[in-house]
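**Q** Numbering (the numbering used here), first residue to last: 92 to 202. Glycine included, each C-beta is placed from N, C-alpha and C at the ideal position. These numbers come from a predicted model, not from an experiment.
#1: Check the C-beta distance from residue 115 over to residue 192 and give it rounded, since I have them as a contact under 8 angstroms.
#2: How big is the Cα-Cα spacing for residue 158 and residue 92?
#3: Between the C-alpha atoms of residue 105 and residue 198, what's the straight-line distance to the nearest angstrom?
#4: Please specify which runs of the alpha helix (DSSP H), each continuous and at least 4 residues long, are wholly inside the segment 158-183, giving them in chain order.
#5: Taking 6 angstroms as the limit between beta carbons, can you name the residues of its chain near residue 163, skipping five residues before and five after?
#6: In whole angstroms, what separates the C-alpha of residue 107 from that of residue 200?
#7: Of the residues 95, 109 and 150, which one's Cα is nearest the Cα of residue 202?
#8: If the criterion is Cβ atoms closer than 7 angstroms, does the pair residue 122 and residue 185 meet it?
#9: For residue 99 versus residue 174, is the C-beta spacing smaller than 7 angstroms?
#10: When burial is assigned at 16 or more other CB atoms within 10 Å of the CB, is residue 113 buried or exposed?
#11: Please classify residue 119: is it buried, with 16 or more other beta-carbons within 10 angstroms of its beta-carbon, or exposed?
This is the structure in structure tokens:
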């Protein structure tokens, strides 16, 4: 799927939505490892950006996004609008990351 056709907006400039496929989502559940907690704890002492957790969060978001896009493509969509992220702590140290949006078919205006 063309990354330019995935947006948090409700429409795509230059395109018209021709069909609403429906809601698509990607869900990833991650836990922190003992090593990650140890390294994160060390970085907390030093202050600043805790890169161990930043990298873990970014990977979870990237994976959830990819799963959402795969679901949209599998359902015949060529674009996704109204994309959002949500995160919930399922239990201590375990977090769910959800990426969701509306899968649509589009065509270039004037085509």
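**A** Let me lay it out:
#1: Your numbering for residue 115 matches position 24 in the chain shown. Your numbering for residue 192 matches position 101 in the chain shown. With 8 angstroms as the limit, residue 115 and residue 192 qualify as a contact, their Cβ atoms being about 6 angstroms apart.
#2: Taking the first residue of the chain shown as position 1, residue 158 is located at position 67. Taking the first residue of the chain shown as position 1, residue 92 is located at position 1. Their backbone Cα atoms lie some 12 angstroms apart in a straight line.
#3: In the chain shown, the residue the question calls residue 105 occupies position 14. In the chain shown, the residue the question calls residue 198 occupies position 107. Rounded to whole angstroms, residue 105 to residue 198 spans 9 angstroms at the Cα level.
#4: none
#5: Translated into positions along the chain shown, residue 163 becomes position 72. Answer for residue 163: 115, 171 and 194, listed in chain order.
#6: Translated into the one-based positions of the chain shown, residue 107 becomes position 16. Translated into the one-based positions of the chain shown, residue 200 becomes position 109. Computed Cα separation, rounded: 6 angstroms.
#7: Against the chain shown, residue 202 aligns to sequence position 111. Closest by alpha carbon: 109.
#8: Counting from one through the chain shown, the residue named residue 122 turns up at place 31. Counting from one through the chain shown, the residue named residue 185 turns up at place 94. A contact, by the Cβ cut-off of 7 angstroms.
#9: For this step, residue 99 is matched to residue 8 along the chain shown. For this step, residue 174 is matched to residue 83 along the chain shown. Contact: yes.
#10: Sequence index remark: in the chain shown, residue 113 carries index 22 (1-based). By the neighbour-count rule (16 or more Cβ atoms within 10 Å), residue 113 is not buried but exposed.
#11: Looking up residue 119 in the chain shown gives position 28. Looking at its Cβ environment, which holds 16 or more other Cβ atoms inside 10 Å, residue 119 is buried.
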